[in-house]
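Be aware that the sequence shown starts at 2, since it is given in my numbering, and climbs by one per residue. Yeah, the Cβ is synthetic: ideal placement off N, Cα and C, and Gly gets one too. Everything numeric in this text was worked out from a predicted model, so none of it was measured. See below for the structure under consideration.
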Amino acid sequence: MKYISFSTKKTCKTKVIMFNGNGIFLINKKTIINYFGNIFLKNLIILPLIISNIKKFNFFITVKGSGKISQIHSIKIAICKCILLFNYKLKKKFRKLNFFSIDDRIVERKKYGKKKSRKTEQYSKR
Numbered sequence: 002m003k004y005i006s007f008s009t010k011k012t013c014k015t016k017v018i019m020f021n022g023n024g025i026f027l028i029n030k031k032t033i034i035n036y037f038g039n040i041f042l043k044n045l046i047i048l049p050l051i052i053s054n055i056k057k058f059n060f061f062i063t064v065k066g067s068g069k070i071s072q073i074h075s076i077k078i079a080i081c082k083c084i085l086l087f088n089y090k091l092k093k094k095f096r097k098l099n100f101f102s103i104d105d106r107i108v109e110r111k112k113y114g115k116k117k118s119r120k121t122e123q124y125s126k127r
């Protein structure tokens, strides 16, 4: 059986494909440690799998845009959605651990006549 889910965070877009296998985990055709280079970041991604006790699935993930932390949060949400397609009973557990909290904040655009989005020239009275 094949489960597909999508997620976004800032400008990052993630697609996760989960299917029966032996536990292969590839992000953009690379292993987790090769892609992120940090074991702590790997643990953030694998946390939903540890809680749901799922080991016999392969994950193929494509991620585009944004930074590493935003990619990790987007991947985690998409993996949780895939796991729910497989076992819907875990929804309460994931909600309790706040795995579905989506942060909708994005960078405010720069306005013309200003140096940044809100930074202006210093005002002089005289």
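Beta-bridge partners of residue 59 (DSSP): 20. Nearest neighbour of residue 70 by Cα position, chosen from 10, 110, 93 and 60, turns out to be 10. Rounded to the nearest angstrom, the Cβ distance from residue 5 to residue 18 is 5 angstroms, consistent with a contact under 8 angstroms.
About 6 angstroms separates the CB atoms of residue 118 and residue 110; that is less than 8 angstroms, so the two are in contact. By the neighbour-count definition (other C-beta atoms within 10 Å, threshold 16), residue 64 is a buried residue.
Assigned with DSSP and collapsed to three states, residue 70 falls in helix. With distances taken between CA atoms, residue 22 lies nearest to 58 out of 45, 58, 49 and 34. As computed with DSSP, residue 15 is found in a beta bridge with 8 and 64.
The residues 24 and 50, in chain order, have a CB closer than 8 angstroms to that of residue 56 in the same chain once the five nearest residues on each side in sequence are set aside. Note that the C-beta distance between residue 100 and residue 78 is below 8 angstroms.
For residue 28, the enclosing beta strand (DSSP E) stretches over residues 26-28.
Separation of the CB atoms of residue 75 and residue 13 is rounded to 5 angstroms, and the pair is thereby assigned contact status at 8 angstroms.
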